[in-house]
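So the structure is just underneath, and the comments pick up after that.
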Amino acid sequence: MKNTLCKRYFTIKIDLKMKITALFLLLALFQLQASNTYSQKSNISMNMKEATIASVFDEIEKTTDFNILYKNSSLDVGKRISVNVDKVKINELMELILKETNVSFEIRRKLIVLLENGKKLNSGTSQASLNPSKIPEQAMTVTGTVTDQDNIPLGGVSVVIKGSSKGVSSSFDGQYEIEASEGDILVFSYIGFASSEVSLTQEKVINVTMKPSSMDLNEVVVTATGVRRKVEMGNSITNLNVADDVKQRPISNVSDLLQGQATGVQISSSGGATGMGSRIRVRGSNSASLSNEPVIYVDGILINNEANSISFETGGQSPSRLNDINPEDIESIEIIKGPSAATLYGSIAANGVIRITTKKGKQGEPRWSAFLESGLVENVTTYPKNYQALDAAGNPGFNFEAAEGTFVPSTVNSFQPLNDPRTSPFRTGQSYGGGLSVSGGSEVLTYFLSGNITDGEGVLPVNNIKRTNFRGNFGVKITDDLKVNLTTGYTNSNLELPLNDNFALALMSQGLNGTSTIDVNNGWGEFTPDELFTIDTRQRINRFTSGLELLWQPSEKLNFRASGGLDFTSRWDSQFFPTGEAPAFLNYDEGARFSNRFNDFVYTLDMVGTYKTDLWEGINSRTSLGAQYLQNLSQGTFTTGLQLVAGSNSIAGAAVTQSNEQTIESRTIGVFLEEQIGFNDKLFVTGAVRVDRGSSFGASFNSVVYPKISASWLISEEEFFNNSDKSLISSLRLRGAWGSSGVQPGTNDALRFFNPIAATLDGQSVTGVTIGSVGNSGLSPELSTEVEFGFDAKLLSDKIGFEMTYFNKRTEDALIFRQLPLSLGVGEGRFENLGSVKNSGIEIALNTRIIETDKFFFGIDFVGSFIDNELKELGQDIQPIIFGQQRHVEGYPLGGYWDETYTFSDANGDGFIGQDEVQVGETGYLGTPFATTDISFTPTLSFFENQFVLRGLLNYRGGQKLYNNTGAWRNGNSNNRELNDPDASLADQARAVASKFLGTNAGYIEYASFWRLREISLTYNAPSTFSSKLGFNRISLTLSGQNLGVWTDYSGLDPEISSEGQANFTTEEFLSQPPVRSWKARLNLSF
């Protein structure tokens, strides 16, 4: 917006001599009688509703050759007016605009000067006198390129003339072009980067390097009511701009993108098999019975995030539907952490919300990006050997027998077929990938198209994945007021899974239950890898996700958004045991086939309208009213064939067949209202409420209400803060919020229903029913209420960004299963709203730019979470819930480990522990399986003018324990070191005796704190001169590694794995395949 006298009067480029000549000509022209000839010939049409006078003037300057000079007038250019004219003269339009003001105007050729009423611009008025401070400069075209510190072009950077609304956006290759005048200040801003200002001289080429922002208060986030500035939010919301992470980090899936990047978010890998999912927790576990996984939205569409997405026995590991999403297509990820932030998401959001935004097209020429990558995965675990102690005569015996004097060890045999290269089934897996994308568009249509292929091998021959992803995102500007966005994504994958963990046919169990020499069955247990690898276990996915969004803004004050979408997943789980080849287990060697098919539909419909207005000077209001409809539908068929024809995998030829089907459906509808009041763009107070009704609620439970209130105060902008020295505290924001959201019961938890069955009566097949559930008509959602407060600060001239948040979350009406007497004949029991769970903690994020020059950069990002979990109530007359070594007990963390404690002593000093030297105590709490401390360091080092970028990710987790059931199980099989090796420590011998003879596994519940070097990457960014010679805008090469080291006192295979994969609470290492190490090389091209 040209609002000062120093703005341009001409649009041609002239040299210094021409400027001087033009100045004298102007002075002469202003001595003449004002001429209205031009204005009399110009016809203007305009239709603007509730627009500021400044924006009306801006529109006149854009659509005509007139410049309007009003800086020295008293006109209130912020006043809103409506203008609707058709083909009128400029003087008629100006009279209409200024009709109710005390300001008049005069037109001098293409210059409109505003004057106080009663004053005139006389013939002696010189050009300089129009603005005594400065003679207006001629306009010039400023061009340049905007890049980040790695010399990567940044598209979509806002370039605005300070003090005006005139601006442009950089194109896909970072280039921009803007008309400006000498003395103007250009402001460059982009999400995730610190704003940059450049004062214009006579230089017409301005290249700008954007620096990462430690905390950008003007950063925007996507909320349930639309796009909002982060400074307005009273909640802690993490916004991850991950578009470049896939180019510079060893990223295979969405879980990798999240690992170590956000406070309060813990990603637990389930094992080392390719294609497996991870367990995600956001601010702890809220429910003892329902899922604790966050919900996922992609481009505003709720998607299927089913954990444990497998329908038959694989031992514990399972894929996750979250990892169907292609990381290459993701622009940003927002993590809405707690109920106070997720109120407007209603009865599905108490565990947190993860909003994924995919890449969109930007106006400009087509921008192409391509990548090629290749990688290796390798097993780095040394598995514990199988032991057997022998006396001098070759008779076997054990350490506890030596303690009793009945055995004298002479030799100890040990062997492990998983380690020995002669027998080990492990391979070095290879992975390949490639992709191509293009984006661009016009003012009317923008597009982003991409395609990717992934082909990856695991370290076992029966572990492979092939995945293809396509995406097409389109934006259409129908009118200035109406826009439509269409997003579509398609995934096809074929995953071959190994059998692992707690399964008799798992490779790990056969190796860890093997013999102490290679002479017997090559060291394996009952079955060899050749037999196990005949089992074919696969999952095939065809997934289509599409959303349509309509944005209508009839005025500057009012806007509407309506969106709808579908996430459809077709899943086929297949497992085949070939006749005569498969292991002789449960008669599977006679041939067996399991074929289960699922069609999952997730429908989303959102509508919201927002009205913004100024209440008084400096006080504005934002009111949003909306509604949401969600529907989940899952249809499954289960087919089993036993005793197959040799050489066939068809169920049609099976001697025994079984079939079943299921349909699960739930619906939720909610309405919400939100009101935000802003005070001088410093203090923002927000109140909201959402009301939900769901099909899974009890019949007599009507609806649930979720309230919220929050405040955000940019206190550093207040006068009393006396923050004149911005170099110490650049900005300081205080924030706080209170609110609630929920998790609804399972689809059938509230229903009374019957299960149809086929039975045999008097030798004949008959049909009948059994009671499936007695139901609970009063069942309601679990209600989580949270209070949080914290602050965000920029320190030392933005070199340090510091965020800190305290939260306290209480879940009431938690669903607990109450067992009913079997004599009632109504099934085992029902769910009731009985429990209460508390989570509290502190989150800290620190972003630093320690050294920053044109040629060198070093900074460290730190995120830390410290969380305490406690089950406050189970409900009256409810006994502790026991599952394996874990329990839900009031006053302790959910899923805590419990067992009898023990003590020991080597009374006679012979170096062996016997049964009588171990004493068992009372059952007690031993620890939590979830880390109470989770911190990550991400150092970044760039040098040689950002041509080389070195980055790492170091993670520490502490305060947790892990049940080493692998050790306990091997102890039961008597082939472990503790029972056989005389050199085993006394503590190890004692835990083995306690487990084998005294019934307590407390010794195998170990501290599992660890440090893990999760990632290291080195990126080379080729100079632009070199890239351009090859026809590219950018070339970069990244070498990276993942899982490069772990430091821990845990004695098992790995302190992070769990045999139950994504299970809600069950956490143990039980014959689990540990994480593997991966290496990757990636070539990125932009053109």
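Read in numbering that gives the first Met the number 0, the sequence shown has 277 at position 278, and its numbers run on one by one without any break.
For glycine and all other residues, C-beta sits at the position ideal for the given N, C-alpha and C.
On a predicted model such as this, the values are computed, not experimentally measured, just so you know.
Y344 sits in a helix when the DSSP states are folded into three classes. Nearest Cα to R227 within the set T405, S623, P420 and A653: S623.
A Cβ-Cβ distance of about 10 Å is found for the pair E327 and G433, leaving them out of contact under the 8 Å criterion. Judged by DSSP in its simplified three-state form, R421 adopts coil rather than helix or strand. Looking at the DSSP output, I912 bridges to nothing. With contact defined as three or more Cβ pairs closer than 8 Å, the region 557-576 and the region 298-318 are in contact.
In this chain, the beta strand (DSSP E) harbouring F753 covers F752 to L760. Residue range A138 to T146 is occupied by the beta strand (DSSP E) that includes A138.
When the beta-carbon positions are compared, L893 and I815 stay at least 9 Å from each other. Here G77 carries a coil assignment [DSSP, helix/strand/coil]. Comparing alpha carbon positions, the residue from S254, R689 and K556 closest to G608 is K556. Shown here for I663: same chain residues with a beta carbon closer than 7 Å to its own, the five before and five after excluded, namely S633 and T746 in chain order. In the DSSP assignment, R542 falls within the beta strand (DSSP E) that extends over D535 to W551. Closest by C-alpha distance to L504, out of E495, L531 and L494, is L531. When only Cα atoms are considered, I59 and I52 end up about 11 Å apart.
Secondary structure note for E403: its alpha helix (DSSP H) is the uninterrupted segment N398 to E403. For the pair I534 and R592, the CB atoms are not nearer than the 9 Å cut-off. In the structure shown, the three-state DSSP call for L893 is coil. Scanning T142, G762, Q988 and T427 for the CA closest to the CA of L375 turns up T427. Taking the Cβ atoms as the reference, I295 lies roughly 13 Å from L256, outside the contact range of under 8 Å. Considering only L550, K359 and Y1003, the residue with the shortest C-alpha distance to Y1049 is Y1003. DSSP places E91 within a helical segment (H, G or I) once states are collapsed to three.
In the DSSP assignment, M507 falls within the unbroken alpha helix (DSSP H) covering L506 to L511. Its chain contains F801 and F861 as the residues whose beta carbon lies nearer than 6 Å to that of L845, once the 5 sequence neighbours on both sides are disregarded; these appear in chain order. DSSP lists I934 and W1010 as the beta-bridge partner residues of Y955. At the C-beta level, E1014 and S267 stay beyond 9 Å of one another. Where W523 is concerned, there is no enclosing alpha helix (DSSP H), because DSSP gives it neither an H nor an E.
In this structure, the beta-carbon distance from V230 to F187 does not fall below 9 Å.
R956 is not a Cβ neighbour of V379, given a cutoff of 9 Å.
S44 places its beta carbon 9 Å or farther from that of D75. By the neighbour-count criterion, in which a residue is buried when 16 or more other Cβ atoms sit within 10 angstroms of its Cβ, N350 is buried. In the DSSP assignment, N493 falls within the unbroken beta strand (DSSP E) covering L481 to E495. If only complete runs of 4 or more residues are kept, the region 357-415 shows the alpha helix (DSSP H) at 398-403, in order along the chain. The C-alpha of K1028 lies about 35 Å from the C-alpha of I859.
In summary, Q875 is exposed, with fewer than 16 beta-carbon neighbours lying within 10 Å of its beta-carbon over all protein chains present. Minimum Cα-Cα distance from D147 among the listed residues F104, D243 and V768 corresponds to D243.
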